[in-house]
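K.L.:
Got a structure for you, written out below as structure tokens; questions coming shortly.
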Amino acid sequence: MNFLPFIISGLGIGAVYALSGVGLLVLFRATGVLNFAFGAIGAVGAHVAWQLMEWDYPLALAILAAVLVSTLVSFLYGRFLAPLLSYRDTVVRAVGTLALALFLIALMGVVWGELPRRLQFPTDQMYLTLFGVRLTFTRIIALVLAIVVVGGITVLLGTTRLGLDMRALANDRDLSAILGVRITRTETAAWIITGIFAGLGGLLLADLVRLQGTFLTFLVIPAIAAANVGQLRSLWVTAFAGLGIGVAEALLTPIDWISPYRSATPFVIALIAVMILGSTAQAALKDR
Amino acid sequence: MTAQNQTLTRPMASPSAIRVPREVLVIPVVMAVFTAAVALLANSFWLTAATSAVALSLSVTGLAILYGQLGLVSLCQFALVGVGGWVTLRIGHAWHPPFEVSMLSGGIVAALVGLIFGIPALRLRGLYLALVTLMLAGGFQTIIGAWGFPDGGAGFLGRADGAGRAMLSRPDLAQDSVPYFVYVSIVATIGLVISQWHKLARPGRAWALIRKGEHVAIASGVNVLTYKAWAFALSGFLAGIAGALLAGNVGQLDGRAFTAFESLNLFALAVVGGVYNWYGALIAGLLLRAVPALLTDLGIDGYVTIGIFGVALFQALATAPAGIAGQISGLIARLTRKGQKP
Amino acid sequence: MIAIENLVVQFGGVRPIDNLTATISAPVSGLIGPNGAGKTTLLNVLSGFVSPVQGAVKVDGRDLLALRPLDRVKSGLRRSFQTEQVVEDLTVAGNLYAIADHVTGPGERIEAVEAALAFTGLRGAADTLGKALNLFQRRLVELSKCLIGKPRLVLLDEPAAGLTDEESATLRELIMRIPAEFGAQVLVIDHDVELIRSMCVQTLVLDYGKMLALGPTEEVLASPDVRRAYLGEF
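Chains as they are written, first to last, in our numbering: chain F, 92 to 379; chain V, 3 to 344; chain L, 33 to 266.
Shown next, in the form of structure tokens:
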């Protein structure tokens, strides 16, 4: 059986999972908030892009608008609503983002309805042929984008003042405040970054699979799964885990008896990761 | 996390424990009044919604035990409702036993599954438990999507085609809508009383200690493992019974309606309704089923409901952690205190 | 009587308890030392929350380390914690029943709780919710919990922290009555040297996980080593 086309297709979605996992993790490490609305934020952006393209606006503008809208939503929540919960435990703050997700799902449902749509980019039609398999430009862009963005974030965290502040916050919020790290500014930056990741992830997934509010919202689950494998700590492990989950899911497609269950792949991988790694990851969940 | 548990304002250790505490007696009384009101006044549309609401409030009670008593977030409770419903339908169609038998089987299997789901909790806490249960809900979504619910066929999955499809029959005593609603109310009342008894007695005290800290609990002689496991089993049992009642309501269940999202919704509304008072579960059930029904009646888009729930959830988290029930009980406390002033 | 032999606790490169050998036999004994000396760690070893890598502990001749933490509680070990751990949503009586449920038989519960309430003078506050209690009452609740269900060894971790002189004195009186009225040995950690001096016949001084001094309290406090390490005098 030729698995190669499935691996190729899996890499594309895997790149989106990788991107999303890292976006989720950066926010979690800097603010202690696990953002259940990550997928929904991206979904809103993707819908905006679709709408603009329906109105015949140029592609570049649509993409830009999508990322801007996602970033704006994330910024608004992070700057004005998340602080209302900042002295509660991690679970409550995560459930707060759940409230945001519900609200965004409602918004998309009311404005656009739940009809599944397809977001089409011209790069879908262009492809390379590698080992006899078509690799669309969109997938290549997804992979390259994932690598660039994860690499970029690593550089940001490692070399800039903002990165230093974010790493300090991730380690110990109260201590950082005493040391003069500007908490609000740093946390807001983290929400903005995660919004950008969400926007990109939403756009790509809407193209690769379909544009549908609830479906895209659930992107957050493979993202969480990838982050779990990275023990809520390591960016690169999360990224590779995301890729792995995407490929694993796709590889199961041609296997008849397991194929109907393949959408459970992220869940199963995350479960196994948590069970095996769970206790060592406790350190990452120290309440701030 | 400090909880505002106003149900425990009276001393829990009255030596004359033969007298049933007021906090438990009030449940059948209120439920009787509520049931009578709905049974007499509701049309068939509202009756179905109310039946569904009361059944669901049982599953919310389970969530309230895990979250309100132990601070454990379970994001797979609706999946356990599905498990209960599945078992009830499979057994009901296979052997046509009395409804109570199928229902109890559903409850027991869901309790066992709830226990298994709870095993990660024994080591994990807080966010990790929430994530694990979310993963389990997602896994259940995939499985039930592929399997569907039994509808009269043969084999393990019990799926029939076309003409062979059957509806689950209701209990003999309660074939019509109004009797079935009363039946559901009675079962729910029993479940609520059991849950309330747990909170006021030994298990509730042990759970309160565990929530305070595992070392504190151990130092007080509490077997943390046993009590946590019991909470998961009880929560699962209540969810399973809820699933059975839902299956009996419509006669069948739809595999596509048991997504992970529904479990998230259930948890959200449990918080909004209030996890520290018994009637919070009833309020949550009504919000889940009655509010959408109301909005449909008024011609408002169903998605608006979800939006309202989202806002309500955030508001509850930020300003009213004890939910609507907590606000009500606070109001009652203030009024009764005023009444007692000389 | 607590007999500790060659006890070593190791966390990574740190030894909070470093080859400790001591026999504590007085009805009310003190455990003092600078911060980080290993006092709470020792209590945690006795409770079973921390496992030593080496050493033995016998209480009244019985091997303590062989018992699981829960079994130690059931055989009479009681402790309080540095920060009080009163359950806010339970009444005072509820807090006491919470431990009575597990360490007394069904017929004896009410009696045990009433006795503890009477001893600490909390009878009047029995129906008050935990969240409405002041610090002194909370400390008393913690103490009451230790007296339920035939205690044999009561470990108190800074039981008077945050209390006024009057309140400390009341607490001291109560603690000193425990061996006679409940038949339990008491080991008290505290930073208040005066409290220890007035309450404890025998005192163990720890420093960097090792025993610095052990003996009659007055002698120990007068020892030059102790004065240097703990009281900061030269």
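Where is the CB? At the ideal position from N, CA and C, for every residue including glycine.
May I ask you to report which of helix, strand or coil DSSP gives TYR281 (chain V)?
P.N.:
Within the second sequence, numbered from 1, the residue matching residue 281 (chain V) stands at position 279. It is helical.
K.L.:
With DSSP as the reference, label GLY301 (chain V) as helix, strand or coil.
P.N.:
What you label residue 301 (chain V) is simply residue 299 of the second sequence in a count that begins at 1. Coil.
K.L.:
Please classify MET33 (chain L): is it buried, with 16 or more other beta-carbons within 10 angstroms of its beta-carbon, or exposed?
P.N.:
Counting from 1 along the third sequence, the entry for residue 33 (chain L) is found at position 1. Exposed, by the Cβ-count rule.
K.L.:
Do the CB positions of PHE288 (chain F) and ALA192 (chain F) come within less than 7 Å of each other?
P.N.:
For this step, residue 288 (chain F) is matched to residue 197 along the first sequence. For this step, residue 192 (chain F) is matched to residue 101 along the first sequence. No, Cβ-Cβ distance for PHE288 (chain F) and ALA192 (chain F) is not below 7 Å.
K.L.:
Please compile the residues from chain V whose C-beta is within a distance smaller than 7 Å of the C-beta of GLU117 (chain L).
P.N.:
Taking the third sequence and counting its residues from 1, the one referred to as residue 117 (chain L) is at position 85. According to the sequence provided, residue 117 (chain L) is Gln. The question's Glu does not apply to it. Within chain V, the residues near GLN117 (chain L) are LYS214, GLY215 and VAL218.
K.L.:
Would you say CYS222 (chain V) faces chain L, with C-beta separation under 7 Å as the test?
P.N.:
For the purposes of this step, residue 222 (chain V) is taken as residue 220 along the second sequence, with counting starting at 1. In the sequence as presented, Cys is not what sits at residue 222 (chain V); that position holds Ser. At least one chain L Cβ lies under 7 Å of SER222 (chain V).
K.L.:
Relative to the C-alpha of GLY87 (chain L), which candidate in L:THR53, L:GLY153, L:ILE180 and L:ALA157 has its C-alpha closest?
P.N.:
In the third sequence, residue 87 (chain L) corresponds to position 55, counting from 1. The residue with the shortest Cα to Cα distance from GLY87 (chain L) is L:THR53.
K.L.:
For ASN262 (chain F), count the other beta carbons within 10 Å of its own beta carbon; 16 or more makes it buried, fewer makes it exposed. Which is it?
P.N.:
Along the first sequence, read from residue 1 onward, the residue named residue 262 (chain F) stands at position 171. ASN262 (chain F) should be labelled exposed.
K.L.:
What does DSSP give as the partner residues of LEU247 (chain V) in its beta bridges?
P.N.:
One-based indexing of the second sequence puts residue 247 (chain V) at position 245. DSSP, once it has assigned bridges, lists no residue as partnering LEU247 (chain V).
K.L.:
In whole angstroms, give me the CA-to-CA distance for ARG230 (chain F) and ALA109 (chain F).
P.N.:
Indexing the first sequence from 1 puts residue 230 (chain F) at position 139. Indexing the first sequence from 1 puts residue 109 (chain F) at position 18. For ARG230 (chain F) and ALA109 (chain F), the distance between alpha carbons rounds to 13 Å.
K.L.:
From the DSSP output, which residues share a beta bridge with ARG179 (chain F)?
P.N.:
Stepping through the first sequence from its first residue, residue 179 (chain F) is reached at position 88. Its beta-bridge partners do not exist; DSSP assigns none.
K.L.:
Which bits of chain L does ASN279 (chain V) rub up against, with CB to CB less than 7 Å?
P.N.:
Indexing the second sequence from 1 puts residue 279 (chain V) at position 277. Neighbours of ASN279 (chain V) on chain L: none; closest Cβ ~12 Å, over 7 Å.
K.L.:
Could you have a look at VAL218 (chain L) and say whether DSSP puts it in helix, strand or coil?
P.N.:
As a working mapping, residue 218 (chain L) is identified with position 186 in the third sequence. Three-state DSSP puts VAL218 (chain L) in a strand.
K.L.:
Evaluate TYR148 (chain F) with the Cβ neighbour count: other Cβ atoms within 10 Å of its Cβ, from every protein chain shown; 16 or more gives buried, anything less gives exposed.
P.N.:
What you label residue 148 (chain F) is simply residue 57 of the first sequence in a count that begins at 1. Answer is exposed; the Cβ neighbour count stays below 16.
K.L.:
If you follow the alpha helix (DSSP H) that GLY87 (chain L) is in, where does it begin and where does it stop?
P.N.:
As a position in the third sequence, residue 87 (chain L) is number 55, starting the count at 1. Note, GLY87 (chain L): premise wrong, no alpha helix (DSSP H); beta strand (DSSP E) at 86 to 91.
K.L.:
Under 8 Å: do the stretch 108 to 124 of chain F and the stretch 282 to 300 of chain F share three or more Cβ pairs, one atom per stretch?
P.N.:
Contact between the stretch 108 to 124 of chain F and the stretch 282 to 300 of chain F is present, because at least three Cβ pairs lie under 8 Å.
K.L.:
Tell me which residues share the same chain as ILE382 (chain F) and place their Cβ nearer than 7 Å to its Cβ, disregarding the 5 neighbours each side in the sequence.
P.N.:
Here chain F comprises residues numbered 92 to 379, so residue 382 (chain F) is not present and cannot be evaluated.
K.L.:
When the cut-off is 7 Å and only beta carbons count, does ILE308 (chain V) lie next to chain F?
P.N.:
As a first step, residue 308 (chain V) is located in the second sequence; it is residue number 306 there, counting from the start. So yes, ILE308 (chain V) belongs to the interface.
K.L.:
Are the C-beta of SER16 (chain V) and some C-beta of chain L separated by less than 7 Å?
P.N.:
Sequence index remark: in the second sequence, residue 16 (chain V) carries index 14 (1-based). Annotation note: pLDDT 42 at SER16 (chain V) (below 50); position unreliable, coordinate value reported separately. No, its Cβ sits nowhere closer than 7 Å to a Cβ of chain L.
K.L.:
Do GLY150 (chain V) and ARG167 (chain V) have their CB atoms nearer than 7 Å?
P.N.:
Stepping through the second sequence from its first residue, residue 150 (chain V) is reached at position 148. Stepping through the second sequence from its first residue, residue 167 (chain V) is reached at position 165. Not a contact, by the Cβ cut-off of 7 Å.
K.L.:
Classify THR344 (chain F) as helix, strand or coil using the three-state DSSP reduction.
P.N.:
The count along the first sequence starts at 1 and reaches residue 344 (chain F) at position 253. In this structure, THR344 (chain F) counts as coil in the three-state DSSP scheme.
K.L.:
With which residues is LYS242 (chain L) paired in a DSSP beta bridge?
P.N.:
On the third sequence, residue 242 (chain L) is found 210 positions in, with the first residue counted as 1. Answer is L:ASP239.
K.L.:
Using alpha carbons as the reference points, say which of L:GLU37, L:LEU236 and L:SER176 lies closest to TYR129 (chain L).
P.N.:
Here residue 129 (chain L) is taken as the residue at index 97 of the third sequence, counted from 1. Among L:GLU37, L:LEU236 and L:SER176, the Cα nearest to that of TYR129 (chain L) belongs to L:SER176.
K.L.:
At the level of alpha carbons, what is the spacing between GLY108 (chain V) and ALA286 (chain V)?
P.N.:
Counted from its first residue, the second sequence places residue 108 (chain V) at position 106. Counted from its first residue, the second sequence places residue 286 (chain V) at position 284. Between GLY108 (chain V) and ALA286 (chain V), the C-alpha separation is close to 22 Å.
K.L.:
With 7 Å set as the bound, which would you pick, yes or no: does the beta-carbon of MET105 (chain V) sit closer than that to a beta-carbon of chain B?
P.N.:
Absent from the structure: chain B. Protein chains present are F, V and L.
K.L.:
Quick one: list the residues of chain L neighbouring LEU211 (chain V), beta-carbon separation under 7 Å, in chain order.
P.N.:
Within the second sequence, numbered from 1, the residue matching residue 211 (chain V) stands at position 209. By Cβ distance, chain L contributes VAL119 and ALA130.
K.L.:
To the nearest angstrom, how far is the alpha carbon of ASN279 (chain V) from that of VAL273 (chain V)?
P.N.:
In the second sequence, residue 279 (chain V) corresponds to position 277, counting from 1. In the second sequence, residue 273 (chain V) corresponds to position 271, counting from 1. Going by the C-alpha atoms only, they are around 11 Å apart.
K.L.:
Between which two residues does the alpha helix (DSSP H) harbouring PHE113 (chain L) extend?
P.N.:
As a first step, residue 113 (chain L) is located in the third sequence; it is residue number 81 there, counting from the start. Per DSSP, PHE113 (chain L) belongs to no alpha helix (DSSP H) and is neither H nor E.
K.L.:
Could you compute how far the alpha carbon of VAL105 (chain L) sits from the alpha carbon of LEU268 (chain V)?
P.N.:
Along the third sequence, one-based indexing puts residue 105 (chain L) at 73. Along the second sequence, one-based indexing puts residue 268 (chain V) at 266. Whole-angstrom Cα-Cα distance: 39 Å.
K.L.:
Report buried or exposed for LEU139 (chain F), applying the criterion of at least 16 other Cβ atoms within 10 angstroms of its Cβ.
P.N.:
On the first sequence, residue 139 (chain F) is found 48 positions in, with the first residue counted as 1. For clarity, residue 139 (chain F) is Val in the given sequence; the question names Leu instead. With 16 or more Cβ atoms within 10 Å of its Cβ, VAL139 (chain F) is classed as buried.
K.L.:
From the DSSP output, which residues share a beta bridge with GLN234 (chain L)?
P.N.:
The residue labelled residue 234 (chain L) in the question sits at position 202 within the third sequence. In the DSSP output, where bridge partners are listed per residue, GLN234 (chain L) has L:SER61 and L:PRO248.
K.L.:
Once DSSP output is grouped into helix, strand and coil, what is the label at ASN7 (chain V)?
P.N.:
On the second sequence, position 5 is the one that residue 7 (chain V) refers to. Unreliable positioning characterises ASN7 (chain V) in this predicted model, as indicated by a pLDDT of 44, which lies under 50. The coordinate reading is nonetheless provided below. If DSSP states are grouped into helix, strand and coil, ASN7 (chain V) belongs with coil.
K.L.:
Quick check on GLY25 (chain V): buried or exposed, where buried means 16 or more other Cβ atoms within 10 Å of its Cβ?
P.N.:
By 1-based counting over the second sequence, the position of residue 25 (chain V) is 23. Here residue 25 (chain V) turns out to be Glu, not Gly, going by the sequence shown. Burial call: buried.
K.L.:
Can you tell which of V:LEU236, V:THR228 and V:ARG172 has the C-alpha that lies nearest to the C-alpha of ILE196 (chain V)?
P.N.:
Position 194 of the second sequence, counting from 1, holds the residue named residue 196 (chain V). Of the candidates V:LEU236, V:THR228 and V:ARG172, the one whose C-alpha sits nearest the C-alpha of ILE196 (chain V) is V:LEU236.
K.L.:
What are the uninterrupted segments assigned as beta strand (DSSP E) that are 3 or more residues long and contained completely in the stretch 151 to 199 of chain L, given in chain order?
P.N.:
For the stretch 151 to 199 of chain L, whole beta strand (DSSP E) runs of length 3 or above, ordered along the chain, are 185 to 189.
K.L.:
I'd like to know whether the C-beta of TYR108 (chain F) is nearer than 7 Å to at least one C-beta of chain V.
P.N.:
Within the first sequence, residue 108 (chain F) is the residue found at index 17, counting from 1. Judged by the 7 Å Cβ criterion, TYR108 (chain F) is not in contact with chain V.
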